[in-house]
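Protein chains in written order, with the working numbering: chain A, 965 to 1252; chain B, 3 to 110.
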């Protein structure tokens, strides 16, 4: 009798067990209920674990150099005389140059080692704030005109700040408000939406084809995509921003790009940064 | 008005014939301008959906250049291609309304 009772209880327990599921409900009215950032992040990490067995997830901060040995060897040699070094020096000089009111960037950013705080969702403003926006906010507070988002001055400043921030980790907070959740969801949607006449989403190259060759180039994993900016790209022959890379990616698939620091690109940066939470910041860097 | 059916038919035939005789010859410049306007309208619609493609913008510019140069057939042909591509961009936007949720690694 006792044995039957135990068996019946065990059967009931097994029958009632359900696999752990994402808390996200795509049909929910509230964005907070529609998203599950931790489940997304775990799904992405699991995917790359299986796609690149033997490559520690943390190594993806180096992009394709995490899994392409030949390219890594060349890249490490270049790091002896990194092409972004001039941008760091120029950025340091700009950082130290006082504004007309006598204040300077240090009044907003201390020693400049602040990259780990960005991007974040500002509930008061209802939008994602990036480091580039924060630099221009700082300038506005001190009566200085904004720097163009596609200009070298802003890129050099952020190169210096990225250098100062090396060793920090990506640490984007879990979206806690409805507006923050909507921005996260919008970024995820951008990432997974097919665009342009090639009909490619970000995931087409950086998830489904990650690690494969596209002509002479190896396609990188999205994990670690945000850790190393700004980047000296040999294609550009200068240091450029993450949003400039977004712009180029959109153009490559035949889509009309969005403006740098547009809401669409900031939300995408917010989402991608959450995916890379825990990875080390190692900018600026060089890439082919 | 005559009540004779034969006369009525004859009158109608003459009127239709006159109408045809006064019909304007095809105006290739107007056709090109109309095609460009349609392409611009569809391009704008795709942009409002956040799904603009780059090629239609290039083609519309090239169509305008051809119109200016008096190459009306070329202008219309480029504008028609731009309109078709912009239409495809709109269809892509509509399909992606739900399809984006099915992309790996997040699709359940």
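C-beta atoms are modelled at their ideal positions from N, C-alpha and C, and glycine is treated no differently.
Point to revise | residue 37/B at chain A interface by Cβ criterion, 9 Å | key: no
Review point. Based on the DSSP secondary-structure assignment, which residues constitute the bridge partners of residue 1250/A?
Key: 1196/A
Practice item. Anything in chain B within Cβ reach of residue 1160/A, meaning under 8 Å, just list it in chain order. Key: 55, 56
Review point. What are the uninterrupted segments assigned as alpha helix (DSSP H) that are 4 or more residues long and contained completely in the stretch 1138–1220 of chain A, given in chain order?
Key: 1142–1156, 1206–1216
Check your understanding: Can residue 1059/A and residue 1121/A be called in contact, C-beta distance under 9 Å?
Key -> yes
Practice item. Please go through the same chain and pick out, in chain order, the residues whose beta-carbon is closer than 6 Å to the beta-carbon of residue 31/B, but skip the five residues on each side of it. Key: 74
Check your understanding: Should residue 983/A be flagged as near chain B, meaning a C-beta pair shorter than 9 Å?
Key -> Note on residue 983/A: pLDDT 41, under 50, position unreliable in the model; the coordinate value appears next. No, residue 983/A does not count as interfacial toward chain B.
Exercise for review: Return helix, strand or coil for residue 999/A, following the three-state DSSP convention.
Suggested key: coil
Point to revise | Given residue 41/B as reference, the closest of 101/B, 95/B, 90/B, 105/B once Cα atoms are compared | key: 90/B
Check your understanding: Hey, out of 1031/A, 998/A, 1117/A, whose CA is closest to residue 1188/A's CA?
Key -> 1031/A
Review point. For residue 1244/A, which beta-bridge partners are listed by DSSP?
Key: 1133/A
Exercise for review: Sort 1165/A, 1037/A, 1240/A by Cα distance to residue 1210/A and report the nearest one.
Suggested key: 1165/A
Practice item. Answer yes if the stretch 1164–1179 of chain A comes into contact with the stretch 1192–1208 of chain A, meaning at least three C-beta pairs across the two stretches below 8 Å, and no otherwise. Key: no
Check your understanding: Does the beta-carbon of residue 93/B have 16 or more other beta-carbons within 10 angstroms, so that it is buried, or is it exposed?
Key -> exposed
Practice item. Could you work out which residues of chain B lie near residue 1066/A, taking near to mean beta carbons separated by less than 9 Å? Key: Ordered by position in chain B, no residue passes the 9 Å Cβ test against residue 1066/A, which lies about 44 Å from the chain.
Check your understanding: What do you reckon, are the CB atoms on residue 1157/A and residue 1186/A nearer than 9 Å?
Key -> no
**Study point:** Identity of the residues DSSP links to residue 1092/A by a beta bridge
**Key:** 1085/A
Check your understanding: Of all the CB atoms in chain B, is at least one closer than 9 Å to the CB of residue 1225/A?
Key -> no
Review point. Enumerated in chain order, which unbroken segments of the alpha helix (DSSP H) with a length of 4 residues or greater are wholly contained in the stretch 24–66 of chain B?
Key: 30–50
Check your understanding: Which of helix, strand or coil does DSSP assign to residue 1123/A?
Key -> helix
Review point. Can you list, in chain order, the residues of its chain whose CB lies under 6 Å from that of residue 85/B, leaving out five sequence neighbours each side?
Key: 40, 41, 44
Practice item. With DSSP as the reference, label residue 1073/A as helix, strand or coil. Key: helix
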